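Protein chains in written order, with the working numbering: chain Y, 1 to 246; chain S, 1001 to 1665.
Built from N, CA and C at the ideal position, the CB exists for glycine as well.
The structure presented is a predicted model; accordingly, all values stated were derived computationally and were not measured.
Okay, so here's the structure we're looking at.
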Amino acid sequence: MKLTLKIWRQKDSKSKGQMVDYKVTEISEHMSFLEMMDVLNEQLVNSGEEPVAFDHDCREGICGMCSMYINGEAHGPDRGVTTCQLHMRMFNDGDTITIEPFRAAAFPVIKDLAVDRSAFDRIQHSGGYISVNTSGNTQDANSIPISKHAADTAMDAATCIGCGACVATCKNSSAMLFVGAKVSQYALLPQGQVEAADRVKNMVAQMDLEGFGNCTNTGACEVECPKGISLDTIARMNRELMKASI
Amino acid sequence: MALDSKVPKGPIKDKWTTYKDQINLVNPANKRHIDVIVVGTGLAGGSAAATLAELGYNVKAFAYQDSPRRAHSIAAQGGINAAKNYQGDGDSTYRLFYDTVKGGDYRSREANVYRLAEVSSNIIDQCVAQGVPFARDYGGLLDNRSFGGVLVSRTFYAKGQTGQQLLLGAYSAMNRQIARGKIEMFNRHEMLDVVIVDGKARGIIARDLVTGEIERHSAHAVVVASGGYGNVYFLSTNAMGSNVTASWKIHKKGAYFANPCYTQIHPTCIPRSGDYQSKLTLMSESLRNDGRIWVPKHLKDVEAIKAGTLKPTQLKEEDRDYFLERRYPAFGNLVPRDVASRAAKERCDAGYGVNATGEAVYLDFAASFERYGKEQAKIHNLVNPTEAKIKELGQEIVKAKYGNLFQMYEKIIDQNPYETPMMIYPAVHYTMGGIWVDYNLMTTIPGCYAIGEANFSDHGANRLGASALMQGLADGYFVLPYTIGDYLADDIRTGKISTETPEFEAAEKSVKDSIDFFINNKGTRSVDYYHKKLGKIMWDKCGMSRNAEGLKEAIEEISALRKDFWQNVSVPGGDKQFNEELAKAGRVADFLELGELFAKDALVREESAGGHFREEHQTPEGEAKRLKEFQFVSAWEYKGEPKDAVLHKEPLKYENIEVKERSYK
Ligand SMILES: Cc1cc2nc3c(=O)[nH]c(=O)nc-3n(C[C@H](O)[C@H](O)[C@H](O)COP(=O)(O)OP(=O)(O)OC[C@H]3O[C@@H](n4cnc5c(N)ncnc54)[C@H](O)[C@@H]3O)c2cc1C
Ligand code: SF4
Ligand code: FES
């Protein structure tokens, strides 16, 4: 395949960015999107130019690092996948592909396509944990039975990879799906109950502080989430918040 | 220096308890005055950082990713072992210990493995308390599954995402300490050297990967938890950034590197499809419970399949070679990883590989569809069901078990594995070698520790599934926090370690010099060019099977490649910026040295053990032959070029287990 790539280039967080056109040839349909980017970068390095910076690590759809906005969609045109799992067979020979960073005020650009998502970490610091000592003096794991349904639903919420696609795709740059997933995991488990009220209040407060927008129930986040996190988690978070506020 | 493993005296089952009773402790009020650096925030580093902070030490943690939650541990799928005996099937600490030592081909240290088995059940309690959503049965209790080669069900799991959930558990424990100010987290920071003052590890030099600033960080002790070095092969199932740099830098400053040639090769990965491939994807080994592995018997059929004129499903049963079932009738498709991997490679090398690159064998579920389908038809009282109906019913059962893996395969290969057999090929997966540590997990540098995949101690020559996660968390939550106290007890009056000393100065200068070299070299070849070349030498000559001649060639070739690298490598961009090529250049430079030591270690080890198969040392049936005189750990001391490295041996004594031949016939 031969492709034209329109890529956002931005030197660092302070510089202004712009779209730049590149051509790549000999792209195999079996390549992943990131392997296609590797081909471009090898080409750039060989001609002494700076390669396009982008975040990636596991290339298996699990670390949440890769974060490209492709043809106007977070993680590109395929459903339920991250950019590293997107394959070039989703495109046609001769296509022009637009590639941008995830855009949100709370995710400043570091360089080119790499953005700073540490706001997610700070939300977690504010309460995304269960306060248990790590001394090993915990009670036997089977001493508190947990229904299979609760465990499975908690697991569904816990599969969030913290990629930020939900934020990037939301017209309000809301982080509700992410925070909803985190709050839900702990709200569904007996171990998380003791501090449930403080947890949800603190996490929501931190989310606002970081400059994420509000949820207006558009549902775009659920559509673009590579891990199928459901809007139910947002509803559960809102319920938890109500409970905590009365 | 003679190697002293510091294994405590006394019966194996009392060693750890007695040891804990006798070591020095640091008074809680004094821990506030002690700083510890933890490099790496995977399962090992994350759990260690959280626990050390909980105990009261000031922790500085470093990771090259943008968040601890993205460490490579996140990718582990299968599960984690623990001797809980919840299933009442006879599991015990001894049995887990026994299985692990045997699975490691009697090349790991007895006392360490026993301790690992002993603390294993604590790990599950800890993780559940932290909110890890392990799989449950309908009664609300924890569920278990069984993993390759063992006779009990002791593997705890969270769907196919066990590593992710365990890491998020450790990360949440870290978050709590970060919020309390007890952990200072340095994301997007790479450790580039260790600083030794008066013979003790007292700090590190790190580079801020965003700004390019070189920083000095001091501490009373340094813990390296930077993971494994599988990426020395370029293609592996490891994350792209996984590297040996932290381990290699401490090796160069005096930490011995143990058993570098011990690599775990995993049989069920998605095959390479072309030269552009950047990494390999693993599919859970559980697939081998229901899939049958085969290649065509006749080369003409291989050609027809490659040419697309014959579909694998059209090939008659008698024209297929179920090579594992043929060679190993007792274990069949369920032989251990090393045996399955080698057998597949043997068939492909002989020309029977079924994909375009000739590096794939079939993993076929047709027989399972039929078997499960017939069973379902009986259960549902279907009279004379059609073949199609049986297949459909069977597929539903298989889908319930492995649906996500089938889906992942289809996404990558673009073939429907329900209709046509999957293709698989072995890939480099895990490294059992690493920095040599004693019973305290301390390296040969005082005050410098190595934990998790970065150390060598618990896995020997092979690795069973589900034991690496266990080791990472055991080291981090339950072992290091005790053993490090014994050392730090002498440091309560030391006070802050200054970074304004000649030692920090010198270490910083050498780091800066090497960065300046890369930026100014203006060569003609990319970093990846060298990494791929190194990977090819490693796979061809230091891969699943090795021989003396090939290893000698590899040593020469790697040494020549390294020379070329230092002349012709090209790194665009500057140093005071986010520059991934620069970071990669440093990592590949270290792989180019490690690769040579790896080959040298393999050459010395004149026996076959686990995934390490020396062609000269096999039984008449082509099976691995272990030799008593090689029952030792090889620990290498750095002396300049890898070819000058000096070998030290730690003999391995087995007092609680009888050393037996493994046989899977
Ligand atoms: C696909 C896959 C599946 C697996 N499945 C299983 C399984 O089911 N069960 C099992 O038991 N094991 C499994 N394993 C093995 C297991 O995942 C690893 O051995 C284990 O997670 C390693 O953990 P770790 O904490 O030692 O290192 P890692 O998780 O690799 O963490 C390394 C850390 O070090 C940091 N780092 C590295 N270099 C530097 C540096 N120079 N400076 C600063 N920071 C640095 C990284 O940022 C990271 O935080 C699997 C492995 C793979 C690849
Ligand atoms: S909720 Fe989905 S889209 Fe949002 S961070 Fe988690 S995985 Fe990514
Ligand atoms: S690189 Fe890890 S999810 Fe894409």
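Chain Y contact for residue i (CB, 8 Å cutoff)
{"i": "G1353 of chain S", "result": "no"}
{"i": "P1417 of chain S", "result": "no"}
{"i": "E1581 of chain S", "result": "yes"}
{"i": "P1426 of chain S", "result": "no"}
{"i": "M1423 of chain S", "result": "no"}
{"i": "G1131 of chain S", "result": "yes"}
{"i": "K1159 of chain S", "result": "yes"}
{"i": "K1252 of chain S", "result": "no"}
{"i": "L1142 of chain S", "result": "yes"}
{"i": "E1054 of chain S", "result": "yes"}
{"i": "V1437 of chain S", "result": "no"}
{"i": "L1151 of chain S", "result": "no"}
{"i": "T1162 of chain S", "result": "no"}
Alpha carbon of residue i to alpha carbon of residue j, nearest angstrom
{"i": "E1607 of chain S", "j": "F1062 of chain S", "result": "39 Å"}
{"i": "T169 of chain Y", "j": "S1121 of chain S", "result": "43 Å"}
{"i": "L1287 of chain S", "j": "D1364 of chain S", "result": "10 Å"}
{"i": "A220 of chain Y", "j": "A1201 of chain S", "result": "51 Å"}
{"i": "G1078 of chain S", "j": "I1265 of chain S", "result": "15 Å"}
{"i": "T1100 of chain S", "j": "V1113 of chain S", "result": "7 Å"}
{"i": "H1459 of chain S", "j": "G1447 of chain S", "result": "23 Å"}
{"i": "S245 of chain Y", "j": "N1030 of chain S", "result": "41 Å"}
{"i": "T83 of chain Y", "j": "Y1157 of chain S", "result": "27 Å"}
{"i": "K1600 of chain S", "j": "I1555 of chain S", "result": "7 Å"}
{"i": "R1107 of chain S", "j": "A1239 of chain S", "result": "27 Å"}
{"i": "L34 of chain Y", "j": "G1495 of chain S", "result": "48 Å"}
Residue nearest to residue i in terms of C-alpha spacing, selected from the options
{"i": "D1644 of chain S", "options": "S:Y1482, S:A1360, S:M1470, S:K1252", "result": "S:K1252"}
{"i": "E1317 of chain S", "options": "S:I1293, S:G1465, S:N1058, S:R1327", "result": "S:I1293"}
{"i": "T1483 of chain S", "options": "S:G1010, S:P1011, S:V1026, S:A1258", "result": "S:V1026"}
{"i": "S173 of chain Y", "options": "Y:S135, Y:T218, Y:D198, Y:R79", "result": "Y:T218"}
{"i": "L113 of chain Y", "options": "Y:M37, Y:S230, Y:M203", "result": "Y:M37"}
{"i": "R1068 of chain S", "options": "S:Y1106, S:F1134, S:S1047", "result": "It should be noted that the sequence gives Pro, not Arg, for residue 1068 of chain S. Closest option to P1068 of chain S, Cα to Cα, is S:S1047."}
{"i": "D57 of chain Y", "options": "S:G1586, S:Q1065, S:G1040", "result": "S:Q1065"}
{"i": "H1298 of chain S", "options": "S:G1103, S:P1312, S:G1476, S:I1412", "result": "S:P1312"}
{"i": "K1300 of chain S", "options": "S:Y1352, S:G1274, S:E1650, S:Q1277", "result": "S:Y1352"}
{"i": "M68 of chain Y", "options": "Y:N41, Y:A244, Y:E100", "result": "Y:E100"}
{"i": "Q1087 of chain S", "options": "S:G1042, S:R1136, S:L1043", "result": "S:R1136"}
{"i": "F102 of chain Y", "options": "Y:L40, Y:G61, Y:L188, Y:V167", "result": "Y:V167"}
{"i": "D1564 of chain S", "options": "S:E1359, S:D1208, S:Y1530, S:A1082", "result": "S:Y1530"}
{"i": "F1186 of chain S", "options": "S:L1167, S:D1208, S:A1179, S:S1172", "result": "S:D1208"}
{"i": "K1006 of chain S", "options": "S:G1104, S:A1053, S:A1049, S:E1110", "result": "S:E1110"}
{"i": "L1666 of chain S", "options": "Y:Q139, Y:E224, Y:T134, Y:I144", "result": "Since the displayed chain S opens at 1001 and closes at 1665, residue 1666 of chain S lies outside it and no answer follows."}
{"i": "D1089 of chain S", "options": "S:N1144, S:L1315, S:W1566, S:A1307", "result": "S:N1144"}
{"i": "A74 of chain Y", "options": "Y:K227, Y:L231, Y:T233", "result": "Y:K227"}
{"i": "P1271 of chain S", "options": "Y:Q18, Y:D12, Y:N142, Y:H30", "result": "Y:H30"}
Cβ of residue i within 8 Å of any chain S Cβ
{"i": "Y69 of chain Y", "result": "no"}
{"i": "Y22 of chain Y", "result": "no"}
{"i": "R117 of chain Y", "result": "yes"}
{"i": "E50 of chain Y", "result": "yes"}
{"i": "M155 of chain Y", "result": "yes"}
{"i": "Q206 of chain Y", "result": "no"}
{"i": "K201 of chain Y", "result": "no"}
{"i": "D93 of chain Y", "result": "no"}
Nearest-angstrom beta carbon gap, residue j and residue i [assumed within contact, 8 Å]
{"i": "T1281 of chain S", "j": "T1237 of chain S", "result": "7 Å"}
{"i": "G1452 of chain S", "j": "G1169 of chain S", "result": "With a Cβ gap of about 15 Å, G1452 of chain S and G1169 of chain S do not count as contacting."}
{"i": "D116 of chain Y", "j": "F107 of chain Y", "result": "6 Å"}
Beta carbon proximity, residue i to chain C, threshold 8 Å
{"i": "G76 of chain Y", "result": "This model lacks chain C altogether; the protein chains it does include are Y and S."}
Exercise. If you scan the segment 1273 to 1297 of chain S from start to end, which runs of the alpha helix (DSSP H) of 4 or more residues do you find wholly inside it?
Worked result: none
Worksheet entry | Minimum length 4: unbroken alpha helix (DSSP H) runs contained in the segment 186 to 222 of chain Y | 196 to 209
Exercise. In chain order, which continuous runs of the alpha helix (DSSP H) of length 4 or greater are located wholly inside the segment 1366 to 1398 of chain S?
Worked result: 1366 to 1379
### Task
Only counting runs of 3 or more residues, tell me where the beta strand (DSSP E) segments fall wholly within the segment 1388 to 1471 of chain S, in order along the chain.
1422 to 1431, 1448 to 1450
Every unbroken beta strand (DSSP E) inside the segment 1137 to 1194 of chain S [3 residues or more]: 1183 to 1186
Complete alpha helix (DSSP H) runs within the segment 1470 to 1496 of chain S (minimum length 4 residues, chain order): 1480 to 1488
If we require 3 or more residues per run, which beta strand (DSSP E) segments fall completely within the segment 1560 to 1602 of chain S?
none
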